[in-house]
Each structure stands twice: as C-alpha cells, then as structure tokens.
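Read the structure below first, then the notes.
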Amino acid sequence: MSPTLRRIGRRALAAVPILWLVVTLTFIVVHAVPGSVADLLDNPDLSPAARETVRHRYGLDQPLPQQYMRWLEGAITGDFGISFLYRQPVRRLIARTLPPTLILTGTALLLDLLLGIALAVLAAARPRGWIDRVTTVLSLGVYGMPTFWLAGLAILLFSVQLGWLPSSHMHSLDAATLPAARRLLDLLRHLILPAGILGLAGAASTARYVRAALLDIRQSRFLLAARARGIPRRRILWIHALRPALLPLVTLLGLSLPFLVSGSLVIEVIFSWPGMGRLLWTAAWARDIPVILAATLLGAGAVIAGNLLADILYVAVDPRARRSS
Amino acid sequence: MMHRTLRRLLLVPVLLALAACGRAPAPEVQPTPAAVQTPAGPHRGGTVVIGALADIDNWNPYLTGSSFGDDVLSLLYPTLAVEQPDYRAHPPSFTPGLATSWEFSPDRLSLTFHLRPEARWSDGVPVTAEDVVFSWKVQVSPELGWPSAEIKENITSVEALDTHTARFHFRHSYPYQLMDVNDGPIVPAHAWKSIPFATWENVDWTRHSLSAGPFRFAAHEPQQQITLERNPTYWRDGFPRLDRVVWRVLPDQSNLLVQLKTGAIDLMEAVPPREAEHVRVHPRLRLIVFPDRSYGYVGWNNRDPLFRDPNVRRALTLAIDRNAILDSVLRGYGRIAVGPVLSTMWAFDRELRPLPYDPQAARDLLAKAGWKDHDGDGLLDRRGKAFRFELMTNAGNDVREDICLLIKDQLQRVGIDAEPRFVEWGAMNSRLRRGRFQAFVSAWREGTQVDLTPVWHSAPPGQPTFNFVGYHNPKVDRLLDEADSKETIEDQKPYFLEIQRIITSDQPYTFLYEGERLDGLNRRVQGAVINDASPYFNLEEWWVTEARQ
C-alpha cells in the first residue's frame with residue numbers, strides 16, 4: 106500500500122470516533138433543549154391511552170440511554186426511525202430531499218468556481234486597473250449583501266418586472282406532462298435564480314481569495330523565469346500562475362462538501378426548493394428528533410468527508426505534499 | 076395534533092397571529108359564508124392553483140397531524156355528515172354527506188345512518204356500512220393512537236345493519252353525540268383493512284389513495300406541488316366543476332404574495348394584515364375576510380404574587396388600550412375580545428361588555444391594592460419592590476412581538492415596567508407547561524363545540540392542562556363539572572353564561588382581540604364559499620371564468 110493510501114485510510118478511521126462524538130453530542134443537545142415532543146403530548150385532549158401509545162411507538166417511554174442505544178443501532182444499519190412530524194420513515198424523507206439539494210448546491214458551486222476564478226484572473230492581470238477596481242467593489246458589495254435581500258431583488262427584477270424567470274419551485278405547474286428534454290429545460294430555467302444567487306455570493310469570496318493568491322505568486326521567481334523565456338503574458342497568468350494559486354481553493358472546495366448536502370435554508374425557503382435545508386429547519390421547529398439527528402449525522406459525515414477530500418486533492422495537485430507524505 | 080372539525084381547543088403557536096383579523100371599512104368584506112358571484116353562469120373545466128406555506132405531511136387522514144392535511148384529505152375522504160358554520164345562533168347543524176339521513180333511537184343511546192347508495196370509491200367499489208365500521212376501528216385502535224380517539228370514548232360499538240345502514244351505540248346520551256360520531260373521515264375498508272395498523276407509518280399512502288369525495292389523488296411532488304383531479308365516480312352529478320386543483324408549496328410568505336399578485340396562484344390563505352390593503356385594492360384580486368374563531372390574550376400567571384389579586388389583573392386590562400392594538404398591529408381586522416367565549420358563538424353572553432381603556436381607573440385600582448410610586452422613580456412599588464415583570468411571546472411572530480411592545484409602552488404610562496421577551500416557541504411551550512413565566516401573549520383557536528374545561532378548570536399538578544395561568548376558582552370548577560353532566564345543549568347554556576361572567580370579572584387573562592382571517596382570491600375564481608369550517612368548504616362548486624395564462 107502506498108504511503109498516501111495508508112495516510113488516507115488512517116484519516117478515515119480517525120473519522121469514526123469524531124462522527125460518533127458529533128451525533129452523541131447532538132443527541133444530548135436535542136434532548137436538553139426545552140420543549141420536546143413529549144411536551145406536546147401533554148395535551149388534555151389526548152387520552153392517557155393515546156399518549157402512552159405514542160410515547161411507546163417513538164420509544165419515549167424508555168430511559169434516555171436506551172433511546173440513545175436504539176438510535177445508534179439504527180443509525181449504523183441506516184434506519185433512522187420514523188419522523189414524528191411526517192409519520193414516515195426518515196430514510197424516505199432524506200432520499201427524496203437530497204437530490205434536489207445536490208442539484209441546487211452543485212450548480213451553485215460550479216458557478217461559484219468558474220465565475221470566481223475568471224474574475225480573479227481578470228482582476229489580477231492588471232492590479233488596480235479598472236477591471237480590478239470594478240470587480241473589487243462588486244464582489245465586496247455582493248459579499249456584504251444578505252442573500253435574502255439579493256433574492257428579493259432578483260425576484261422583483263427578473264420575475265415581476267421583466268417576467269423572464271420563474272420566482273419559485275423546481276418545475277412549472279404542468280412540467281410533468283412535458284417531454285424529457287423540455288422538462289430538463291424547465292428545470293434549468295427554475296434553477297437560474299436560486300443557483301445564480303448562491304453561486305454569485307460564493308464567487309464574490311472565491312474571487313477575493315484567488316486574486317490575493319495570484320498577486321502573491323506574481324512576485325515568484327519561477328514566473329520571472331517564465332517571462333524571461335518569452336512565454337506570453339496570458340499563458341503565464343492562466344497556466345503557470347493559476348495552478349499554484351488554486352491551492353488554497355482546494356481546501357475551500359473540500360470544506361464546501363457539507364454545504365452541498367445540507368443545502369441553503371434561506372434560498373430553499375424563498376424559492377421553494379425542496380431541499381435538506383428546509384427539511385432540517387421544519388424538523389427543528391417541530392422538535393422532530395429523528396430527522397434532526399439523521400440530518401446532523403449526514404452533515405457531520407460531509408464535514409469529515411470534505412476534510413478528507415481536501416487532503417486527497419491537495420496531495421494530487423501539490424507535488425510537495427506528495428513527497429512529504 | 077388537530078382533527079377534521081376542529082371542535083376542540085387548539086393551541087396555535089406560530090402562524091395564527093398572521094391570520095389576524097377585521098373591523099376595517101373594506102368594501103369587499105363579506106359576511107360568513109362569503110359567496111362570490113358573477114353574471115356569467117358556472118361551467119365545468121379549468122384548474123385552480125392554491126398557494127400553501129407548507130406541504131401535506133401524510134396522505135392518510137388518520138396519520139396527518141396538520142390542519143392543512145385535514146383540509147386536503149377531506150376532499151378525498153368525506154364524513155357522514157357535513158358540519159355547517161352556523162354556530163352563531165345555535166350549535167352547528169349538519170347536512171347530509173356520505174349519509175343521506177340519520178336518526179336517534181327514542182332513548183338516544185343509538186344513532187343510525189343511512190348511506191348514499193350511489194356513493195362509490197374511485198376504484199368503483201361502493202361505499203358501504205363496512206367502511207363506517209372499519210373507520211371507527213381505525214379511530215379507536217390503540218396501535219395507531221389517533222390523537223382524537225378520546226372523542227369516541229362514549230361509543231361502545233358500531234354495527235353494519237345492512238350494506239347501507241350503520242348503527243352507533245352509546246354509553247349514555249349527551250349533547251354532542253352526532254358531532255362525536257361524525258368526527259373523522261370514512262376510509263376504504265376493502266383497500267386498507269389488509270394493512271396491519273402497526274405498519275401504517277411505513278406505508279406510502281399515495282399508492283393506496285382512493286377517494287369517495289369530489290377529487291382524487293393525481294400527483295404529489297414533496298415540498299413542491301399537490302395535484303388533485305376530478306373524481307369521475309363522485310356521486311353528485313355535474314360536480315366538481317373544476318378539472319383540477321393544484322397546491323403550490325411555497326414557504327416564503329412574501330413570495331406567495333408576489334405570486335398571488337402576478338396570477339401564478341389563485342388563492343392565498345392567511346394574508347398578513349399589513350398586506351391586506353395591497354390585496355384589497357388590486358384589480359385582479361378580492362380580499363375575503365371572515366372571523367376565524369380565534370382570540371388573542373395576555374395570560375397572567377395567577378400563581379405569581381404580582382398577579383394573584385383579581386383587582387390588579389383588572390387594572391392591567393384597564394391600562395391596556397386594546398383598540399390601539401387592533402388599529403396599529405391588526406390594521407383594524409378584528410374585534411375587542413370580551414371573555415372566554417367568542418362573540419360569534421351561540422354560547423356567548425351578549426350582555427357582557429369589555430372593560431374600557433381607562434388608565435386613571437387602573438391607577439386607582441392599583442393604589443387600592445397598595446401599588447404607588449413611593450420613591451418617585453416613575454414606577455409603582457409596594458413594600459420596596461417595583462412593579463416589574465417579564466412579558467413573554469414566541470419569537471418570530473411579528474404580530475405578537477408588536478403587541479408586547481405596545482403593551483410595554485401602555486403599561487409604562489401607569490408606572491408598570493413590562494419587559495418583553497421573545498422566546499423560541501418550543502421553549503415557550505415548555506415554560507408555559509411548567510408554570511415558569513410571569514405573563515405571556517398568545518392566542519387560542521376555539522372549536523365549534525363550547526368546551527371551557529381544558530383552559531379554565533383547575534388541574535392537579537402533573538395532569539395535562541391548557542390552564543397554563545393556574546386559574547383556580549372553585550365556583551367555576553363546579554359550574555364546569557355541572558355543565559359537563561347535562562344531557563342537552565340548552566341545559567348547558569345557563570352554566571356557560573355564568574362561567575363567562577365570573578371569568579370576565581376575574582380577568583385571569585386580558586382578552587385582547589378576536590381574530591379574523593384574510594384570504595386573497597383571484598377574481599377569475601367564482602362560486603367560492605370560504606369560511607372558517609374549511610377554506611375548501613364548497614370547492615366542488617368553484618369554477619373559473621377564464622383559463623390560466
């Protein structure tokens with residue numbers, strides 16, 4: 106086994122206790138916050154028998170350690186129990202919520218990277234030139250604007266005033282009757298505003314990071330050598346400087362994995378996107394503990410996997426990291 | 076959890092105040108029920124799109140825990156009779172539903188229903204007395220734990236006399252027998268009885284969906300869209316008029332309003348009062364206003380030494396300008412609440428008047444109770460302690476938060492310091508149930524059955540109760556018990572009148588306002604009767620004047 110693989114294996118193993126710690130802490134916290142489903146069962150309109158049935162069904166009549174063991178056992182086997190709120194298996198809820206989230210956040214991340222890097226390169230080509238100044242002002246402006254505000258403006262402009270884009274949902278009213286290609290087109294039209302706003306907000310910060318890294322690297326000797334060899338400026342910027350400048354981005358990319366699976370609550374609510382953010386939000390309000398725990402487990406898993414991914418990518422793009430490992 | 080006819084008292088923690096209410100001089104304000112008429116005649120066809128803040132939680136009417144789920148599923152799984160929103164002069168009456176008629180035995184210990192012979196499920200199988208018996212078994216199944224099962228505790232058995240006749244037997248006779256029997260929809264025995272109750276939560280009910288109502292299940296995209304289509308086996312000829320009803324799920328209220336204005340949705344329920352004017356003047360929209368059986372109040376913790384004296388509580392009410400709250404927070408949509416029974420109910424004591432807004436009278440009453448500004452700091456004090464307390468409400472409810480701020484300002488004028496505190500609703504709920512609060516602003520939604528016991532009867536510690544404020548008046552307890560034992564509603568009424576008089580005099584709450592619901596409806600939708608029984612009360616009769624763009 107190569108040292109790199111060994112290192113990754115070690116990291117993956119180390120992730121198990123962290124994952125356990127996160128879900129255990131979440132279990133303690135959700136049971137410690139005031140207000141629980143058991144509270145809601147304290148309802149004089151419920152007969153004592155009905156109360157007991159419900160308590161028993163969700164295991165609320167068992168002592169907390171036993172509830173914890175039962176949950177842990179279920180989590181290992183992939184059975185997260187039945188949602189208090191929807192009275193359906195949690196697994197089914199997550200299975201239908203995760204894909205829309207991935208579509209939204211995946212598109213947003215792609216847009217974030219492409220737009221962010223392009224803007225950074227344009228800005229770094231002539232530091233303090235007019236492009237640099239304009240992108241700096243714009244990206245700081247977007248970065249400073251809350252997404253709900255940006256979303257409201259976009260709806261007002263593109264949906265209400267111009268009528269170009271739909272202001273909510275993944276599909277139009279009658280999309281189910283459309284042929285596959287038109288249905289995909291319909292989805293893309295609905296994706297533009299929510300993914301665009303998420304991507305734009307991300308691109309604003311990506312552009313700042315990459316621009317800073319590019320400006321740092323501009324002073325490097327290897328770029329001076331490239332220039333001395335007569336390599337065209339554009340090629341130096343896009344090929345020779347950009348690759349090392351993307352190193353910090355690799356870490357950021359790994360860390361954005363949790364965002365990919367947990368979704369964006371604000372955007373999902375405003376645009377009625379049926380994603381994980383909304384599922385978790387509703388669950389938190391309703392003290393739907395099985396859903397809260399499952400979503401947390403998924404989020405924690407994504408954080409750990411993201412870190413691991415960042416490590417692997419780092420080794421892949423940076424030869425120095427390969428040597429040192 | 077809520078059930079179909081909302082007979083019992085419901086705690087409405089978050090959204091209720093959004094659906095607040097109407098004294099506004101709005102020309103479009105209609106009495107309940109609100110019928111919308113146009114010159115052109117009704118016709119068949121078309122789709123109506125309704126905006127919904129939340130999705131349906133479950134497609135089984137006995138597993139759904141939301142009133143929205145109840146409302147949608149009532150279009151698929153009807154009840155034997157239909158409760159009418161005519162409870163102003165008398166308890167609600169019933170019109171035929173799946174049953175064409177019913178009669179009590181002379182001793183009122185059994186009630187026989189005659190089912191509509193032409194009623195069929197959407198798979199063509201007739202609706203029979205077997206379905207009625209099965210539905211009752213579902214309701215009382217301990218394995219299923221239907222939250223409203225207690226309603227059925229006086230029904231001893233249900234039998235199918237023949238295919239279309241079902242009989243209910245009772246332990247004893249009491250005023251709400253018909254109401255209790257009718258609570259809970261009829262579900263298909265032939266399709267569902269082979270599924271063990273213990274596995275119902277694992278079942279995907281969209282696959283087992285049938286309908287004996289005007290519409291049937293067509294499609295459900297979770298958190299996106301619900302589509303019902305005309306049920307061709309529906310017994311009423313020529314109905315429903317609409318081909319389809321679609322609910323578009325959109326959790327953002329502002330965007331919902333945008334879509335109502337642009338015509339993307341036809342109906343928005345519970346328009347916030349601050350937006351009512353925009354809907355009212357919009358050329359394409361109609362604002363429908365109706366009382367929604369809710370009232371807002373300040374609950375004083377009657378166990379707290381500050382609020383133990385009824386005179387102090389009366390003074391607090393006198394010092395709170397409820398008209399100002401109605402005008403500024405609810406934009407005039409609502410009425411001042413008087414007491415524990417809504418002024419729109421048959422049991423309301425019409426002799427009662429709300430306490431006036433009279434800060435001077437409040438100061439005098441407080442002085443008599445020993446509260447004076449002895450140290451000249453602008454705050455009343457007694458035995459060296461200032462009149463200061465925490466006024467709690469659930470965070471995120473704009474209406475209630477604004478009410479708290481107004482009350483703080485008003486009480487300050489008589490020398491009382493109320494400190495508003497906005498608490499996450501689960502945490503607030505927990506504090507209320509444990510009595511760990513001083514005062515709070517909240518609202519109740521009342522059922523059509525007058526049932527004052529859960530909120531006003533004293534409860535021994537540890538027993539579930541909605542009497543969060545710890546109100547305890549032995550006379551009220553006795554009157555409530557006596558009212559409960561009466562066999563007819565007429566016999567109960569004098570007790571309700573006396574209880575109201577005592578409670579209004581004791582002021583365990585400051586009754587603030589009675590709510591009104593504001594719905595925005597596109598003018599292309601005709602024939603809609605929207606009332607507090609259900610927004611879809613006569614959905615089968617709705618029709619549209621023009622196709623959707």
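The listed protein sequences derive, respectively, from chains A and B. When the letters of the first sequence are read in order and numbered with the numbering used here, they come out as residues 106 to 430. When the letters of the second sequence are read in order and numbered with the numbering used here, they come out as residues 76 to 624. Built from N, CA and C at the ideal position, the CB exists for glycine as well.
Alpha-carbon spacing of residue i relative to residue j, whole angstroms
i	j	result
Q112 (chain B)	V233 (chain B)	Caution is warranted here: a pLDDT of 46 is assigned to Q112 (chain B), below 50, making its placement in the model unreliable, and the coordinate value is therefore given only provisionally. Between Q112 (chain B) and V233 (chain B), the C-alpha separation is close to 43 Å.
W134 (chain B)	D182 (chain B)	39 Å
I394 (chain A)	L261 (chain A)	37 Å
I113 (chain A)	M275 (chain A)	38 Å
L454 (chain B)	A129 (chain B)	45 Å
P349 (chain A)	H353 (chain B)	56 Å
Y611 (chain B)	M467 (chain B)	35 Å
L440 (chain B)	D367 (chain B)	34 Å
R511 (chain B)	A518 (chain B)	18 Å
D477 (chain B)	A608 (chain B)	29 Å
Y283 (chain A)	D291 (chain A)	Residue 283 (chain A) is actually Leu in this sequence, not Tyr. Distance between the alpha carbons of L283 (chain A) and D291 (chain A) is about 9 Å.
V208 (chain B)	P166 (chain B)	27 Å
L209 (chain A)	T202 (chain A)	11 Å
G445 (chain B)	L381 (chain B)	11 Å
R311 (chain B)	V262 (chain B)	19 Å
H295 (chain B)	I301 (chain B)	5 Å
L151 (chain B)	A235 (chain B)	22 Å
R438 (chain B)	T523 (chain B)	38 Å
Classification of residue i by the beta-carbon crowding that lies within 10 angstroms, buried from 16 upward
i	result
I491 (chain B)	buried
A256 (chain A)	buried
V125 (chain B)	Note on residue identity: the sequence assigns Ile, not Val, to residue 125 (chain B). I125 (chain B) is buried by the Cβ-count criterion.
E521 (chain B)	buried
T563 (chain B)	exposed
V551 (chain B)	buried
L614 (chain B)	buried
Q299 (chain B)	buried
H532 (chain B)	buried
I344 (chain A)	exposed
T240 (chain A)	buried
L49 (chain B)	Absent from the model: residue 49 (chain B). The displayed extent of chain B is 76 to 624, so no value can be given.
Beta-carbon proximity of residue i to residue j, cut-off 7 Å
i	j	result
P348 (chain B)	L405 (chain B)	yes
L303 (chain B)	D198 (chain B)	no
F376 (chain A)	P424 (chain A)	no
L427 (chain B)	T240 (chain B)	no
I340 (chain B)	R323 (chain B)	yes
R649 (chain B)	N277 (chain B)	This structure cannot speak to residue 649 (chain B), because chain B is shown only from 76 to 624.
D318 (chain B)	G120 (chain B)	yes
L507 (chain B)	F543 (chain B)	yes
A407 (chain A)	L124 (chain A)	no
A266 (chain B)	V202 (chain B)	no
G602 (chain B)	P117 (chain B)	yes
A156 (chain B)	N229 (chain B)	no
T540 (chain B)	A534 (chain B)	yes
T585 (chain B)	T392 (chain B)	yes
G359 (chain A)	T206 (chain A)	no
I297 (chain A)	L258 (chain A)	no
Worksheet entry | Segments assigned alpha helix (DSSP H), at least 4 residues, entirely inside the segment 107-179 of chain B | 142-148
Practice prompt. Note down, in chain order, all residues in the segment 313-344 of chain A with a beta-carbon under 9 Å from any beta-carbon belonging to chain B.
Written response: none
Worksheet entry | Runs of alpha helix (DSSP H) wholly within the segment 564-601 of chain B (minimum 4 residues, chain order) | 564-581
Practice prompt. Report the residue ranges of all alpha helix (DSSP H) runs contained in full by the segment 341-365 of chain A; include only those spanning at least 4 residues, in chain order.
Written response: 347-350 and 352-360
Fill in: Residues in the segment 498-509 of chain B having any Cβ partner in chain A nearer than 8 Å
E499, W500, G501, A502, M503, N504, S505, R506 and R508
Discussion item. As an exercise, report each continuous beta strand (DSSP E) stretch of at least 3 residues that is fully enclosed by the segment 203-239 of chain A, in chain order.
Written reply: none
Discussion item. Beta carbons nearer than 9 Å to chain B: which residues of the segment 175-198 of chain A have them?
Written reply: I187, S188, F189, L190, Y191, R192, Q193, P194, R197 and L198
Discussion item. What ranges does the alpha helix (DSSP H) occupy inside the segment 191-255 of chain B, keeping only unbroken runs of at least 4 residues that lie completely in it?
Written reply: 204-215
Item to complete: May I have a chain-ordered list of the alpha helix (DSSP H) segments no shorter than 4 residues that lie completely inside the segment 423-506 of chain B?
Response: 434-443 and 473-487
Discussion item. Beta carbons nearer than 8 Å to chain A: which residues of the segment 282-301 of chain B have them?
Written reply: A294, E296, P297, Q298, Q299 and Q300
Worksheet item: For the segment 311-352 of chain B, which segments carrying the alpha helix (DSSP H) assignment without a break, of at least 4 residues, lie completely within its bounds, in sequence order?
Response: 328-337
Discussion item. Under 7 Å, CB to CB, which of the residues in the segment 385-418 of chain B have a partner in chain A?
Written reply: none
Practice prompt. Could you run through the segment 272-286 of chain A and flag, in chain order, every residue whose CB is less than 8 Å away from some CB of chain B?
Written response: S272, S273, H274, M275, H276, L278 and A281
Item to complete: Check each residue of the segment 364-386 of chain A: if its Cβ is closer than 7 Å to any Cβ of chain B, include it; give the result in chain order.
Response: V374, I375, S377, P379 and R383
Worksheet item: Which residue spans inside the segment 282-318 of chain A form an unbroken beta strand (DSSP E) run of at least 3?
Response: none
Worksheet item: What runs of the alpha helix (DSSP H), each 4 residues or longer, lie entirely inside the segment 118-200 of chain A?
Response: 142-146, 153-162 and 169-182
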